[in-house]
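Novice:
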Amino acid sequence: MQVNEFKPKIVAFCCNWCSYAGADLAGNNRLNYPDNVKIIRVPCSCRVNPMFILRAFQRGADGVILCGCHPGDCHYTSGNYYTRRRMALLFSMLEYLGIEKERTRVEWVSAAEGAKFSATMNEFCEQVAALGENKRLEDLRCKQ
Amino acid sequence: MQRIGVFVCWCGSNIAATVDVKAVAEALKSEPGVVFSTDYQYMCSQAGQDLIKEAIKEHKLTGLVICSCSPRMHENTFRKVAADSGINPYMVEIANIREQCSWVHKDKAIGTEKAIILARAAVAKVHLNTPLTPGESEVTKRALVIGGGIAGIQTALDIADAGYKVDIVETKPTIGGKMAQLDKTFPTLDCAACILTPKMVEVAQNENVRIFSYSEVTEVGGFVGNFTVKIKKKARYVKEDVCTGCGLCTEKCPMKKVPNDFNLGMNNKGAIYIPFAQAVPKVATIDPNYCNMLKNGKCGLCAKVCTAGAIDYTQKDEIIEEKYGAIVAATGYNPISLDKFDEFAYNQSKDVITSLEFERLTNAAGPTNGVLLRPSDLKHPKTIVFVQCVGSRCSADASKGKEYCSKICCMYTAKHAMLTRDKYPDTDVYVFYIDVRTPGKNFDEFYRRAVEEYGVHYIKGMVGKVIPEGDKLIVQGSDLLDNKQLKIEADLVVLAAAIEPDKSARNLATMLTASMDTNDFFTEAHPKLRPVESPTAGIFLSGTCQGPKDIPETVSQAGAAASKVIGLLAKDKLKGNPCVAHSDELMCNGCSSCERVCPYKAITYVDKEFRMPDRTTKVRRVAFVNEAVCQGCGACTVACPSGAMDLKGFKSKQIMAEVDAICK
Amino acid sequence: MQTVTRNQLVEKAKELLNNGTVTRVLGIKKGEFSYDLTPAVFTSAEELEKEFEFNGFAAANFSKYLVKLADGEGKILVFLKPCDSYSFNQLLTEHRFNRENVYAVGIECDGFADYKKIEEEFNDGIKSVEFNGEKIEVTTLYDGKKELAFADYMLERCKNCKTKKIAAFDELLTENSDETKNTRFEEVEKLEAMTPDERYAFWRNELSRCIRCNACRDVCPACTCEKCVFNNPDSGVENKAIQNSFEENMFHIIRAFHVAGRCTDCGECSRVCPQHIPLHLLNRKFIKDINSFYGEYQAGAEVGNRAPLVNYTKEDIEPKDAVGRGSEE
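Protein chains in written order, with this note's numbering: chain R, 1 to 144; chain L, 145 to 808; chain S, 809 to 1137.
1) Looking at chain L, is there any beta carbon in it that lies within less than 8 Å of the beta carbon of G132/R?
2) Quick one: residues in its chain with C-beta nearer than 6 Å to the C-beta of V313/L, no 5 flanking neighbours on either side, listed in chain order?
3) Distance cutoff 8 Å, beta carbons only. Does T1044/S sit that close to anything in chain L?
4) Looking at R105/R: is its Cβ nearer than 8 Å to the Cβ of F124/R?
5) Determine the direct distance from the alpha carbon of C14/R to that of P692/L, and round the result to whole angstroms.
6) May I ask you to list, following chain order, the residues of the region 1071–1094 of chain S that have a beta carbon less than 7 Å from some beta carbon of chain R?
7) Kindly say whether D646/L, judged by its beta-carbon, lies nearer than 8 Å to any beta-carbon of chain S.
8) Closest to D883/S by C-alpha separation, out of N906/S, E987/S, E840/S, would be which residue?
9) Which residues share a DSSP beta bridge with S499/L?
10) Under a three-way DSSP split, which group does E1110/S fall into?
11) Please name the residue in K808/L, V165/L, V803/L whose C-alpha comes closest to that of N52/R.
12) Helix, strand or coil for H670/L? Go by DSSP, reduced to three states.
13) Using beta carbons (cut-off 8 Å, strictly below), is P419/L in contact with chain R?
14) Can you tell which of G682/L, G389/L, D635/L has the C-alpha that lies nearest to the C-alpha of A658/L?
15) Please report how far the alpha carbon of K197/L lies from the alpha carbon of A226/L, in whole angstroms.
16) Buried or exposed: where does Q193/L fall if 16 or more other Cβ atoms within 10 Å of its Cβ makes it buried?
17) Between the region 737–759 of chain L and chain S, which residues of the former have CB atoms less than 7 Å from a CB of the latter, in chain order?
18) In the region 388–467 of chain L, which residue ranges form an unbroken alpha helix (DSSP H) of at least 4 residues, counting only runs that do not cross its ends?
19) Considering only residues of the same chain and omitting the five flanking positions on each side of K762/L, which have a CB-CB separation below 6 Å?
20) Go ahead and pull the three-state DSSP assignment for V803/L.
21) Please work out which residues of its chain come closer than 7 Å, Cβ to Cβ, to K970/S, disregarding the five sequence neighbours upstream and downstream, and give them in chain order.
22) Using a Cβ-Cβ cut-off of less than 9 Å, give me the residues of the region 102–116 of chain R that come near chain S, in sequence order.
23) From K526/L, E395/L, M606/L, T582/L, pick the residue whose C-alpha is nearest to that of V573/L; which is it?
24) Could you check how far apart the C-beta atoms of V90/L and V619/L are, in whole angstroms? I think they sit under 8 Å.
25) Leaving out the 5 sequence neighbours to the left and right, which residues in its chain are closer than 7 Å to P408/L when beta-carbon positions are compared?
26) Step through the CB atoms of chain S and report whether any lies within less than 8 Å of the CB of P425/L.
27) Quick check: the region 318–330 of chain L against the region 361–372 of chain L, are there 3 or more CB pairs under 8 Å?
28) Indicate whether T748/L and F768/L have their beta-carbon atoms separated by less than 8 Å.
29) Helix, strand or coil: how does DSSP classify S727/L here?
30) DSSP state of P116/L, grouped into three classes?
31) Could you tell me the alpha carbon to alpha carbon distance between C142/R and N1099/S, rounded to whole angstroms?
32) Tell me where the alpha helix (DSSP H) around C966/S begins and ends.
33) Would the region 277–290 of chain L and the region 726–739 of chain L be scored as touching if the rule is three or more Cβ pairs under 8 Å?
34) For a contact meaning CB atoms closer than 8 Å, what does C732/L contact in chain A?
35) Excluding sequence positions up to five away, which residues of its chain have a Cβ less than 6 Å from the Cβ of N721/L?
36) Under 7 Å Cβ-Cβ, which residues of chain R neighbour R1007/S?
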């Protein structure tokens, strides 16, 4: 293993009812994914404010992924529908500002989809790693 | 400043094998606010819990971070430990270092490093945690059942038997629903009226039950335990408490040309009518669309003949407001309209009928007094063709029909075929089917009897066209097993029309903020584990409003819904989830964005007086969250542009602190 | 050049004051120069005669002022240009003022001049700017008098005027028109066609000039929060002045997001920006995306409309299919 291999920082917001449980299931089934993925639990994907995502980038995250229940399966009936609209617009805007669109992602992961969770994280990490460090949305002060 | 204790669990070797737990505990000691940090083999065990309790006492801890398995496993365990030691249970955060760390990583150095970061994020969050107390609300010990069919009746009876008050609201002048229109029931062939009408009487006589017939729900407010419902009692122009149900008025009414909807329009009734002999309540109702007295002020015959003096032409709709603790939707179903199924000639020939119309034709109280005569010329049909799946199991892109299986048609068609052959052995009976579905106790045996004992011709295939020709109906269909086209000269064609939720359900769902699927069936809180509850707290589902069902299934679901209602009404107070939205009224603009995204109608607006810096006062419209209704999804917090809306337990600042800790 | 004249407005205002329909008039006060105008409230005919001004620079969107000014004794008169009328409806949708307290007179609009553009044309020393039909006459200290074509010096938002329809009024002073134009997304499309690197460079160049004076926010009729999230210590993003390169990104992205679906595209943000940042290009990106993802939507077209971000359909586009769609179209 190369020592200086770039390991992107990934923040994953997971809704409590589906995706967080899906991540737990990935753990139960010992389905590996990179350790640079760190999960933040939110009650519903619709709790994720665009500010949280920008904040993550600001503080040095290289990629942000948002996981929620599949559309139609939201524990709160409609939360992820709002998420879908908000993130479609936000991510489109970030791309418009010149931020690589591969750094952001929304994925629907159910509580039964441990394998999907693990596969998604592996894939997303690779994708972000290929882009290299996030320089375009970082707060320079926080760099070590 | 918080005094935080960090407790790193080994979970035997589950965590300890991939995470250096001692290193984690050591690393966390240098985090600001952490005054105690340790590790232990099984933190969730009694010994582990005692260790935490000791530490809380000894180090005067105000917040706890448990590095262990998923919060979905033991969050409640550790919250209870905190509560037992006098710390608010919501001052506990879990760092998930098992499912999301030790189990998915193999390298111990990597696992340890990640565990430390996850623990730091949890510490960062605990710093911003505040004690939370679940709100409590009273429970109104009365239930509302919307719909008075067998589902509603059974639910009401079960709730009433447990000693709680219950009201039934039924839009028709009588309760009984679809089952009252049926002749026999499968697979036992007992008469529907014989088993239903005693229940109708029982529910009417139960002192805990009130029946609002000829009424509808017009407004629902409030929340679980405290619903306020407005019920419109439509004017029936007959004093319900005075009418004796003698029926004299219905005989004397000179207007005889009112289509009898109870018999699906196959015969007529008077403008004043009692739907059927066993109606409950057994009182007359005047149809204002046909009554001459109400329309033109002429006639008044019913009032003259009524010895009880029950007729009241001046009666008005009445709105009743009542409080309920729980609401059960039992709005039932209807056969779909067959307007789009022109190939079956339903609108062209009187002798093409639906299965429900067939029920009325064979029912002793029906338009033909139970003698099977076809509607056009009242002759005995010699050849009858039953067509199944009319509008059921249609492909998703079809412009008509439903994708789902209506579930009951296979069995009632077998019943119809069997009864026909039993009563009129000289009748040829054909059944066209896609599949015959008979999963149910004694169902397949029943179907096989129709074929084997009664000689019903079952043909696998669909009917392409029905062509009225003279007094015959030419049925063109395909026999897929013999691979040939068939042409049958029939006297009567019976269509097993798909069933769909009653149209009133959509409107009701909006009022109840209960969700529906694309077919307008109510959705359940969980398809397997909570099948009789709506995702909206305090709303329960009974019968076919949730999905196609036969009578035994409906009755058992009705009982299940009732038991859930009883479980709710038995509580004196309801404890809510304290992680609910909260609006800072000083910052709220009253823009309504939050209200619009709230799936639970938990947000209302109040005009509030504010003192302005210049000592004047200003009235502003601000959001108010009903904590008993809010489920804590957080949709409102992002919709709110000013940030006035925040979610307790998942405050913006808390989540951002986690983000910061992770990205550090 | 405006066809509506100052005198027409003053006469209408006096009439409505005199017959008691309104007690106050929201309008514009003369300044020292024709381009230095201040929104103001007038309460008498004398004041109106003396100080009321309306010229080719009177572009301010009046609707936002109603949030603070609508309350009071009697009604306030507001003149609504097409742009203002959409903001007016949007603010009503959000319950930001009481409709009963306002008397709205709709006035047609032929576009306004952009003083910043005129200024760029000259060295210092503009003495006066006068409007004369299709011409702008500029008198300067050093170059004497010079004539400019009005059409060349219009505000960007007026050049690409989305509609001349007045969406709200109690009475119309002039004709209402259905004229619409669909050129306003051209700039956005140009940006979408660039590579991400070019776009990044473009926005870096623009946004790095931001001095966080908050003028865009303060003038924006969609930004009427009692307290802005960027002033709220509990929001976690509180900051008042730029501290580094990211903060202004965050401010502008979040501000655009907060007004997404509520922004009527009145263009005030770009008009007032002292740093000439084309802020409307952020808002228009959202509007363009909303139109393309969820169907045409004009904020403020009607009172009570449900904004796209507080709405959804079960078949909405997935974020992964949405991002970058604009550039592929």
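For every residue, glycine included, the Cβ atom is placed at its ideal position computed from N, Cα and C.
Specialist: This is what the structure holds:
1) Judged by the 8 Å Cβ criterion, G132/R is not in contact with chain L.
2) For V313/L, the CB contacts under 6 Å within the same chain, skipping 5 residues up- and downstream, are I290, F356, S359, V361, I375 in chain order.
3) A quick correction: the sequence has Gly, not Thr, at residue 1044/S. It does: the Cβ of G1044/S has a partner Cβ on chain L nearer than 8 Å.
4) Here R105/R is near F124/R, since their CB atoms are less than 8 Å apart.
5) Between P692/L and C14/R, the alpha-carbon positions lie close to 35 Å from each other.
6) Here the close residues are K1093, F1094.
7) Not one chain S Cβ lies under 8 Å of D646/L.
8) In the sequence as displayed, the identity of residue 883/S is Lys instead of Asp. Nearest C-alpha to K883/S: N906/S.
9) In the DSSP output, where bridge partners are listed per residue, S499/L has none listed.
10) Residue state for E1110/S is assigned as coil, using DSSP reduced to three classes.
11) Residue identity differs from the one stated: residue 52/R is Phe in this sequence, not Asn. Of K808/L, V165/L, V803/L, the smallest CA-CA separation from F52/R is found for V803/L.
12) H670/L falls in the strand class under three-state DSSP.
13) Chain R, which has no Cβ nearer than 8 Å to the Cβ of P419/L, makes this no.
14) Measuring from the Cα of A658/L, the nearest candidate turns out to be G682/L.
15) Computed Cα separation, rounded: 7 Å.
16) Per the 10 Å Cβ criterion, buried.
17) Within the region 737–759 of chain L, the qualifying residues are S737, R740, V741.
18) Here the runs fully enclosed are 392–396, 436–440, 445–449.
19) Here the set comprises F754, M756.
20) In the displayed model, V803/L falls within a helix according to three-state DSSP.
21) Take K970/S, set aside five residues on each side of it, and the residues of its chain with a beta-carbon closer than 7 Å to its own are T988, K989, R992, D1073, in chain order.
22) Only T104, R105, V106, E107, W108 from the region 102–116 of chain R bring a Cβ to less than 9 Å from some Cβ of chain S.
23) Per the Cα distances, K526/L.
24) Past the boundaries of the shown model lies residue 90/L; chain L is included only from 145 to 808, so the question cannot be answered.
25) A small fix is needed here, since residue 408/L is Leu in this sequence, not Pro. Here the set comprises L500, E501, R504.
26) Not one chain S Cβ lies under 8 Å of P425/L.
27) They do not touch, by the three-pair rule.
28) For T748/L and F768/L, yes; Cβs fall inside 8 Å.
29) It is a strand residue.
30) A question about residue 116/L goes unanswered here, because the residues of chain L that appear run from 145 up to 808.
31) Here the model assigns C142/R a pLDDT of 42, short of 50, so the residue's position is not dependable and the matter cannot be decided.
32) Where C966/S is concerned, the enclosing alpha helix (DSSP H) stretches over 964–967.
33) They do not touch, by the three-pair rule.
34) Among the protein chains in the structure shown, which are R, L and S, there is no chain A.
35) For N721/L, the CB contacts under 6 Å within the same chain, skipping 5 residues up- and downstream, are G776 in chain order.
36) Result: Y96, L97, G98.
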